[in-house]
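Heads up, the thing below is written out as C-alpha cells.
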Amino acid sequence: MRNNKNIDIISAQEAVKKLFNSLSITLTNETPERFVNMIRDFTQYQNVSNKEIAKSVQKTFKIDNYTKSKNMVLTKNIETFSLCEHHIALMYNMKISIAYVPQNFVLGLSKIVRAVGMICKRLQLQEKIGNDIIEVMSILTKSLDVAVHIKAKHSCITARGANNFPTETITTNFAGIFSQDNTTKKLFLNSVSTD
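Take 2 as the starting number for the sequence shown in this note's numbering and just add one per residue.
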C-alpha cells in the first residue's frame, strides 16, 4: 500500500545533484541517494487515501451498552513528525492527542498510533493532519464524535525565517459532540493540557 508507484530513483538522484549544483553546493557521492531515500521514507503514504489507511489498520471490537454513557476514549501524546508541504521543512516534537466517543465499536489502541504515523508520512500541514485523523477515526470507529489536539515545532520557524526556537504551534480539530457541546470540548482540552 505504500507509495511505490512510478518512482524513478535514478532521475530523482540526478535532480538532487542538479539542485545542489545550481546552488554551488558540492555533495558527497552518497548524498543524493541518501537524500532521495529520506524523502521517500518521509512521504511513503503521500498517494495513499485516508480510506486506504483506515482499511489497512482496521481492528475494532464490538461493545454493548457503551454508547448511552457517552464516555470519551482518549489516546494522548502520540509522538511523531512530518514534513511541511510549504518548505519541505520538518514539523517535529509533535505530540498528538485523539479522543472519540464510541458508537458500538472501539478501536485497537495501537491502530490509532499506526494510523497517525501513516497520515504524517506525507507532505502535510498541521491543520490538515487533524482533519485527516478525524476522517480516518470516523471511518474506523463509525463515530462522528472525534477531537484532535496537535502541538509541534516547525523548523521553518525555529531554524529559518523568524529563527525563534521556543515557538510551538497548537491546532485543534473537532467533530460531532466535541464541536457542539462545550462541556465535552472542555473535558477534552483539560485532559490534553495537563502537561
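Glycine residues also receive a C-beta, built at the ideal position from the N, C-alpha and C atoms.
Please read these numbers as outputs of a predicted model, since none were measured by experiment.
Please list the terminal residues of the continuous beta strand (DSSP E) segment that includes residue i.
i      : result
ALA153 : 147 to 155
ASN174 : 170 to 176
For residue i, which of the options has the nearest alpha-carbon?
i      : options                          : result
VAL114 : GLU53, LYS77 and ASN183          : LYS77
GLN59  : MET138, ASN183 and THR172        : MET138
ILE54  : LYS112, MET92 and TYR101         : LYS112
ILE89  : MET73, GLN125, LYS56 and LEU108  : GLN125
ASP146 : THR32, GLN47 and PHE175          : PHE175
PHE189 : CYS157, VAL149, ARG161 and ASP65 : VAL149
VAL102 : THR81, ASP182 and LYS129         : ASP182
ILE140 : MET73, SER57 and ASN164          : SER57
Give the range of the alpha helix (DSSP H) segment to which residue i is assigned.
i      : result
ILE64  : Neither: ILE64 is in no alpha helix (DSSP H) and is coded neither H nor E.
ASN38  : 32 to 43
SER194 : Per DSSP, SER194 belongs to no alpha helix (DSSP H) and is neither H nor E.
VAL17  : 10 to 23
THR142 : 127 to 142
Beta-carbon within less than 6 Å of residue i's beta-carbon, same chain only, minus the 5 sequence neighbours each way: which residues are those?
i      : result
THR185 : ILE178 and PHE179
LYS152 : LYS96, GLU169 and ILE171
LYS143 : GLN104 and PHE106
Please list, in chain order, all residues of the same chain as residue i whose beta carbon is under 7 Å from its beta carbon, the five residues on each side excluded.
i      : result
PHE43  : LEU84 and LYS122
GLN14  : PRO33, GLU34 and VAL37
ILE10  : VAL37
VAL117 : ILE79, THR81, ILE97 and ILE134
PRO167 : none
Going by DSSP, which residues form a beta bridge with residue i?
i      : result
LYS96  : GLU80 and LYS152
PHE106 : LYS63
CYS121 : None; CYS121 has no bridge partner.
Mind checking if residue i is an interface residue toward chain D, Cβ cutoff 8 Å exclusive?
i      : result
ILE120 : Among the chains in the structure shown there is no chain D, since it carries only a single protein chain.
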